[in-house]
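Residue numbers (our numbering): 29 to 140. We put the beta carbon where it would ideally sit given N, CA and C, even for glycine.
Have a look at this one:
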């Protein structure tokens, strides 16, 4: 791969758009649920489970439940996808939709 191809690939990577949305983590053992908004649905699950496996997740009750019940007791799902067509409205829309889903699912916050 020559220098021009690398530059083109790097530019395409920087300009890519990622889907935002609302996600939910549930513990099948306790029935607890946590809902959160993310600007990158593709990376949300990987990042969350990496932090939980490493024992460094910021929300202590989620980390404690993960440690007590194990990874197999947890399910991660996307509740809603939000199109990034207009980046200026994504953040307020995520906040609104997160509140809606937390109330609907009777869940706590997934992200600090």
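Among the residues of its own chain, which have a CB less than 8 Å from the CB of residue 99, if the five just before and after it don't count? Position 71 of the chain shown holds residue 99. Answer for residue 99: 77, 80 and 81, listed in chain order.
Helix, strand or coil for residue 54 per DSSP? If you number the chain shown from 1, residue 54 lands on position 26. Here residue 54 sits in strand by DSSP.
Go through the stretch 35-122 residue by residue and report every complete run of the alpha helix (DSSP H) that reaches 4 residues or more, in order. 69-82 and 88-97
How many whole angstroms separate the CB atoms of residue 51 and residue 104, which I take to be in contact at a CB cut-off of 8 Å? Numbered from its first residue, the chain shown carries residue 51 at position 23. Numbered from its first residue, the chain shown carries residue 104 at position 76. With 8 Å as the limit, residue 51 and residue 104 qualify as a contact, their Cβ atoms being about 7 Å apart.
Do residue 118 and residue 72 have their beta-carbon atoms positioned less than 8 Å apart in this structure? Taking the first residue of the chain shown as position 1, residue 72 is located at position 44. Taking the first residue of the chain shown as position 1, residue 118 is located at position 90. No, Cβ-Cβ distance for residue 72 and residue 118 is not below 8 Å.
Which residues does DSSP pair with residue 136 in a beta bridge? Taking the first residue of the chain shown as position 1, residue 136 is located at position 108. DSSP lists 62 as partners of residue 136.
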